[in-house]
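Protein chains in written order, with full-length UniProt numbering: chain A, 1 to 366; chain B, 1 to 512.
For reference, the structure is listed below as structure tokens.
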Amino acid sequence: MSTPTTQAPPTTSTATRRPAAAGFLSGPAGRNAGLVIALLILCVVGIATAGDRFASTDNLLTILRLAAVTGVVSVGMTFVIIGGGIDLSVGALVALSSVWATTLATQALAADVHWVVMVGTALLVGAVAGLVNGVVIAYGKLVAFIATLAMLAAARGLAEIIANRRTQIVQDQDFLRFFSGSPLGVPTLVWMFAVVAALGWVLLNRTTFGRRTFAVGGNAEAARLAGIRVQRHTVALYVLSGVTCGIAAVMLMARTTTGSSTHGTLLELDAIAAVVIGGTLLVGGRGTIVGTVLGVLIFTSLSNVFTLNNLSSSAQAVAKGVIIVAAVLLQQRVAAGRRQRRSPRAVPPTAAEGAPAGASPGVPAP
Amino acid sequence: MVRDNQVLLQMQGIVKTFPGVRALGGVDLDVRAGEVHCLLGQNGAGKSTLIKVLAGAHQPDEGEIRWDGEAVRLTDPQAAMKLGIATIYQELDLVAGLSVADNVFLGRERSRFGLSRPASAHRATTALLERLGHPEIRPGTEVGALSAASQQMVSMARALSQDARLIVMDEPSAVLDNEEVERLFDVVRDLTADGVAVVYISHRLEEIRRIGDRITVIKDGRTVATGLPARDTPTRDVIALMTGRSIEYVFPGREDRPAPAAEPLLEVEHITVPGHVADVSFTVAPGEILGLAGLVGSGRSEVLEAVYGARRPTSGQVRVGGERLRPGDVAAAVAAGVGLAPEERKSQALLLGDPIYRNITLSSLARFARGGFLSVRGEKAAARAQTEALDLRPVDVDREVRTLSGGNQQKVVLARWLLRDCRVLLLDEPTRGVDVGARSEIYALVRALADRGVAVVVVSSEIPEVLGLADRVLVLAEGRVLADEPAGALDEHQVLDLVMQGTPTHSEDDAA
């Protein structure tokens with residue numbers, strides 16, 4: 001009923017006009033297409049400047065292996081940010097999980113039972129730390145930024161205490177053999193990233209949990225009044241983020257054969273950057289896993305191209321900063337353009353509909 | 001008393017239209033220097049829109065504003081301020097973290113060579129507060145630490161510091177106790193003695209009698225009377241002017257309503273929320289619509305929130321179908337079959353950027369999930385069935401809710417609860433922001449729900465809406481129940497009389 005028929009009362013058809021055909025880059029798919037294009041441009045630059053050294057299978061797998069750890073954490077981060085929060089503690093949680101899973105006691109138990117004990121320890125430590133984050137934020141009503149900043153400091157400190165500032169070597173050869181394998185020619189770590197991303201996509205887009213995450217982040221008050229247990233859900237989001245930190249810790253233990261309190265330093269910044277350039281809104285309520293994965297790949301490819309061309313890591317950092325700002329500016333433009341196309345009225349709807357009510361509060365101060 | 005009789009402000013034929021709503025349809029107002037001019041009108045009559053036009057926040061579509069005899073255009077709030085029009089809004093617009101002096105001179109900070117001059121600002125603020133008779137407010141105090149009454153004085157000092165010649169006060173007494181109101185009146189009298197004009201908005205007739213000089217009454221966006229003497233216009237005349245609306249809404253008939261013999265579905269017993277609700281009890285039977293009438297701040301919304309668990313009462317209990325609800329637990333209330341369409345639809349009910357279907361299924365996700373996995377196809381089919389049943393346009397359930405009109409947004413909220421088969425429906429201002437054409441549809445819908453056996457509680461600022469829609473009406477003032485009567489036994493005058501006078505007992509002779 002998008003076109004008014006003769007029977008339709010004229011008063012009610014104000015907002016029934018369809019928006020103009022959705023422009024390029026406007027939907028989530030379109031936004032991801034933009035990221036894909038950015039990634040392709042990076043590849044072209046890589047091939048042009050480094051030729052076969054870039055375009056080899058080995059290099060591709062290197063990129064993916066390097067992307068894997070950040071990628072797994074970024075998937076968890078995507079959930080937290082869509083749900084209206086932020087988790088600054090992920091790097092520290094990776095460190096804490098890796099240290100706890102490689103203590104002498106844990107490794108001794110693992111030697112007696114199975115190396116799965118180490119994996120379980122890492123996941124459990126991540127989950128419990130995430131639970132603490134979530135409870136403090138949801139029930140203690142602490143701002144997520146502060147609560148997870150505190151966890152960042154505390155978890156890394158605890159990791160240093162446990163490890164006594166020493167790097168702990170992973171002794172279990174079965175563990176290392178399992179995670180350093182390459183089923184079907186693809187490293188296990190890359191498989192793990194793929195599986196986490198796929199599960200994350202399903203969880204976000206195909207389950208009630210995912211839908212509630214969007215609702216809680218989009219409008220927490222509306223979600224609460226719709227009967228969603230917002231606090232409980234918030235806790236679950238941080239636990240999820242903690243679990244991805246545990247997975248990332250296992251991956252780092254396998255890649256470096258160590259557990260260390262310096263693992264995952266500044267990982268939180270890489271993860272947040274990837275999530276944000278992937279199109280997830282920092283205020284919550286919007287975001288995609290695919291965008292996050294593309295964001296991670298863009299950053300890793302960028303580092304790779306720079307490294308292959310012998311450019312310093314400082315130059316990489318500058319380029320990263322520029323990309324983040326450019327990507328977010330572009331997204332804001334696109335979002336603003338979308339809003340304009342969708343509401344053709346001259347008056348913003350909030351002002352228009354709030355005004356006629358006699359007792360509505362005053363306009364903001366001039 | 002009135003030293004200066006010259007007309008300071010003249011507004012003629014002001015028209016302001018918003019999409020779908022004509023908020024002002026020709027308002028006239030003239031204010032003389034040195035008078036207290038009272039603006040009266042029911043909620044929704046257009047008072048707020050009018051004062052926003054006067055403050056330069058809204059541009060009128062038609063009409064003329066003359067200031068000191070000259071036609072002016074108030075293109076923005078700064079222009080109004082420059083002329084000497086200051087507005088003190090109900091929600092005070094102060095920065096809580098700044099000092100009193102900083103707030104008074106906010107945006108016009110006193111400086112020399114780019115350096116601020118706090119001492120000078122403090123001196124000037126002290127002088128202003130002394131003139132207002134409140135020397136006890138220190139200019140260095142943080143505004144957030146002050147009482148509501150003192151904050152109002154800071155707003156007033158700010159208005160004076162701008163050399164305001166006309167001060168608009170939007171329900172200034174709503175946040176004050178009796179003694180504070182007295183002091184406010186002293187200030188207003190001093191100001192008018194100096195030739196400042198005051199436009200005073202209040203719902204309390206008794207106040208208007210004491211402080212006001214003349215009254216202008218607006219109704220449905222039009223001036224219906226102007227220049228009435230504030231002290232001796234009979235109350236019944238004022239009320240008659242405010243009621244008797246020109247737009248008649250079509251309310252569904254209620255002749256075939258079920259016999260009230262049925263067991264009550266919703267039982268509210270002795271609910272108390274300190275500061276808002278005092279010992280309120282009522283029951284609602286299946287198929288019955290209960291209306292809650294009262295002014296803003298009478299505790300209407302808080303009663304609904306307490307029933308819904310969105311606000312935790314300190315005592316009392318709520319039962320649905322005989323089962324006691326856990327207080328302060330929204331999810332438990334929803335699980336028991338209670339639904340709420342809140343007052344602030346956009347901020348409290350809707351995910352504006354999400355499609356219609358997701359908003360409709362939000363409270364029933366479990367129904368579309370198997371093992372936690374959602375069937376989007378099932379969701380959309382169910383949502384489509386609801387939008388068709390409610391005649392929600394457009395039928396396209398993928399449309400963002402943001403793009404819908406107020407009436408259709410309200411239907412989305414109702415569809416959410418219909419889909420959940422809720423047994424008790426709480427509606428807070430169901431037609432706020434809904435245009436006139438869609439209102440009757442909402443009314444018919446609410447009645448149809450009741451006919452299906454849902455127990456409905458409706459809160460509305462518009463008394464005719466409560467009387468027309470509800471079977472039974474509860475009149476609330478200051479958190480207490482003043483009357484509990486069948487809707488047919490009350491008329492608009494009586495209800496308005498009750499809520500404005502705040503008389504605890506209902507008497508047939510005083511009303512009418």
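Using N, Cα and C, we set each Cβ at its ideal position, and we do this for glycine too.
Values in this document were obtained by computation on a predicted structure and should not be read as measured data.
Can you name the residues that DSSP bridges to residue i?
i, result
"B:E485", "B:V473"
"A:F178", "None, per the DSSP bridge assignment."
"B:H37", "B:V199, B:R214"
"B:I289", "B:V456"
"B:Q12", "B:E64"
"B:A225", "B:V217"
"B:R480", "B:A477"
"A:G259", "A:Q168"
"B:L29", "B:M11"
"B:S161", "In the DSSP output, where bridge partners are listed per residue, B:S161 has none listed."
"B:R22", "B:T17"
"B:S70", "Going by the sequence as given, residue 70 of chain B is Glu instead of Ser. Bridge partners of B:E70: B:W67."
"B:I85", "B:L166"
"B:L425", "B:G339, B:V456"
"B:S99", "B:E142"
"B:L115", "B:R112"
Spatial neighbours of residue i within its chain, please: CB distance less than 7 angstroms, with the 5 preceding and 5 following residues excluded, ordered by chain position.
i, result
"A:V136", "L142, A147"
"A:I81", "V275, T280, L282, G284, G287"
"A:A38", "I298"
"B:R231", "R209"
"A:I169", "T257, T258"
"B:L425", "G339, W417, L449, V454, V456"
"A:G210", "L203, L204"
Counting only the same chain and skipping the five closest in sequence on each side, list residues whose C-beta sits under 6 angstroms from that of residue i.
i, result
"B:H276", "G299, E302, G479"
"B:R326", "A332"
"B:G56", "L74, D76, P77, A79, A80"
"B:G378", "F368"
"B:L160", "L128"
"A:G200", "V75, I289"
"A:V250", "V119, A122"
"B:S507", "Unreliable positioning characterises B:S507 in this predicted model, as indicated by a pLDDT of 41, which lies under 50. A coordinate reading is not provided."
"A:L189", "R65, A68, M251"
In chain A, which residues lie less than 8 angstroms from residue i when you measure between Cβ atoms?
i, result
"B:P327", "Simply none; closest approach about 15 angstroms."
"B:G353", "G218, G285, R286"
"B:P342", "L225"
"B:R416", "A226"
"B:A310", "R224, L225"
Between which two residues does the beta strand (DSSP E) containing residue i stretch?
i, result
"B:I271", "266–273"
"B:R319", "315–320"
"residue 368 of chain A", "The question about residue 368 of chain A has no answer, for chain A in this structure spans 1 to 366."
"B:L166", "166–170"
At a CB-CB cut-off below 9 angstroms, which residues of chain B make contact with residue i?
i, result
"A:T208", "L365, A366, F368, A369, G372, F373, L374"
List the residues of chain B that residue i touches, going by C-beta distances under 7 angstroms, in chain order.
i, result
"A:A222", "Q348, A349, L350, L351"
"A:R229", "A331"
Given that residue i touches chain A, what residues does it touch there, using C-beta distances under 9 angstroms?
i, result
"B:R358", "R211, F214, A215"
"B:L362", "R211, R212, A215, A222, A223, A226, G227, I228"
Considering only heavy atoms of the ligand MN, does any lie closer than 7 angstroms to the CB of residue i?
i, result
"A:V72", "As presented, the structure is devoid of all ligands, the ligand MN included, so that no description of it is given."
For the alpha helix (DSSP H) containing residue i, name the first residue and the last one.
i, result
"B:F185", "178–193"
"A:F306", "289–308"
"B:T283", "Segment 277–284 is the beta strand (DSSP E) holding B:T283; no alpha helix (DSSP H) there."
"B:P118", "118–131"
"B:G299", "Taken as a continuous stretch (DSSP letters only), B:G299 belongs to no alpha helix (DSSP H), as it is neither H nor E."
If you drop the 5 nearest sequence neighbours on each side, which residues of the same chain put their C-beta closer than 8 angstroms to that of residue i?
i, result
"A:P366", "The predicted model places A:P366 with a pLDDT of 35, which falls under 50 and marks its position as unreliable; any figure quoted below should be read in that light. Closer than 8 angstroms at the Cβ level, and outside the excluded window around A:P366, lies no residue."
"B:L8", "V31, R32, A33, W67, D68, R165, L166, A197"
Run down chain A in chain order and give the residues with a C-beta less than 7 angstroms from the C-beta of residue i.
i, result
"B:V334", "G227"
Is any beta-carbon of chain C found at less than 8 angstroms from that of residue i?
i, result
"B:R312", "Of the chains in the structure shown, none is chain C; the protein chains are A and B."
Within the region 56–143 of chain A, note down every full alpha helix (DSSP H) run reaching 4 residues or more, in order along the chain. 57–82, 90–100, 104–112, 116–138, all fully within the region 56–143 of chain A.
Can you give, in chain order, each stretch of the beta strand (DSSP E) that sits fully within the region 333–396 of chain B and has at least 3 residues? The qualifying runs are 338–341.
Which complete alpha helix (DSSP H) runs does the region 190–251 of chain A hold, if anything under 4 residues is left out? Fully enclosed alpha helix (DSSP H) runs of 4 or longer: 208–218, 220–225.
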